[in-house]
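What follows is a short report on a single structure.
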Amino acid sequence: MIDKIGGRSMVAVLAWLTFFVILNPLKGAYTYTESDVDALIALKESLHDRLGLLSNWNRGTNPCKWTGVYCNDRRVTKLTLEGMNLRGGQLVWQIGEFKSLQYLNMSKTGITENIPPEIGDLTDLVTLDLSHNQLSGLIPSEIRKLLNLTTLLLNDNDLSGCEPVDAFTNLFTNGKLNYKNLNLANNPNLLTRAYNSNIC
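The sequence shown maps to residues -28 to -1, 1 to 172 in mature numbering (1 follows the signal peptide of the UniProt record, and there is no 0).
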């Protein structure tokens, strides 16, 4: 009788351990940085997604399987929404929460308003493409902090004011950006120091 009870107890313990070992890693696999998830949800809510292309951006699911989202070591490293028939919205300040983001492409998404200064918090960023949108206002001087940036595309928007020459100079001299991979063309209200030295 004792052996039978002991055997049952051992089976129960082994079953519990098997359950714990198998399911616990799965639980951990969905433990992503909450700030990344919060930022993605805030971005989704700010965009006009008439076709429901971002319908799988839902809390409680694996964000690294969401449309346009790529991860490494449970952090968002790439976000590409280019040409997805999104029809406007804006870059929310939470964009700066993607501390491991290396690639951001929101070209042709129709986003409007200003580029938030929090863009400067994306210090791992290598490529930033916000071209062919309706962005307005100043280019934030905080981009000076993006020293890993190799490509910066802000062309075909409605950016205005003076281009932040000091910020660009910092990127050219202390960072990895070169003139060949910087595009500011077709921003009719953007003033360059070369042609507006009395203003800029």
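Ideal Cβ placement from N, Cα and C applies to all residues, glycine included.
CB contact flag (residue i, residue j, <9 Å)
i: ASN159; j: ASN127; result: yes
i: VAL48; j: SER72; result: yes
i: GLU90; j: GLN66; result: yes
i: GLY55; j: GLN106; result: no
i: LEU143; j: ARG116; result: yes
DSSP three-state assignment for residue i, whether helix, strand or coil
i: LEU102; result: coil
i: ASN142; result: helix
i: GLY61; result: strand
i: TYR75; result: strand
i: LEU15; result: helix
i: ASP153; result: The sequence as given places Asn at residue 153; Asp does not occur at that position. Correct three-state label for ASN153: helix.
i: VAL(-8); result: With a pLDDT of 40 at VAL(-8), under the threshold of 50, the modelled position of this residue cannot be trusted; read the value that follows with caution. If DSSP states are grouped into helix, strand and coil, VAL(-8) belongs with the helices.
Burial state of residue i (16 or more Cβ within 10 Å)
i: LEU23; result: exposed
i: ALA1; result: The predicted position of ALA1 is uncertain, since its pLDDT is 46 and thus under 50; no value can be drawn from it.
i: THR145; result: exposed
i: THR81; result: buried
i: VAL(-8); result: Summary for VAL(-8): the model assigns pLDDT 40, below 50, so the residue's position carries little reliability; its value from the coordinates is reported in the next sentence. Classification for VAL(-8): exposed.
i: ASN77; result: buried
Bridge-paired residues (DSSP) for residue i
i: CYS134; result: LEU163
i: THR123; result: THR99
i: THR84; result: GLN62, GLN106
i: ASN44; result: ARG47
Through-space distance from residue j to residue i, alpha-carbon basis
i: THR164; j: ALA139; result: 13 Å
i: LEU51; j: LEU102; result: 12 Å
i: CYS134; j: LEU110; result: 7 Å
i: SER79; j: LEU53; result: 7 Å
i: LYS152; j: SER113; result: 20 Å
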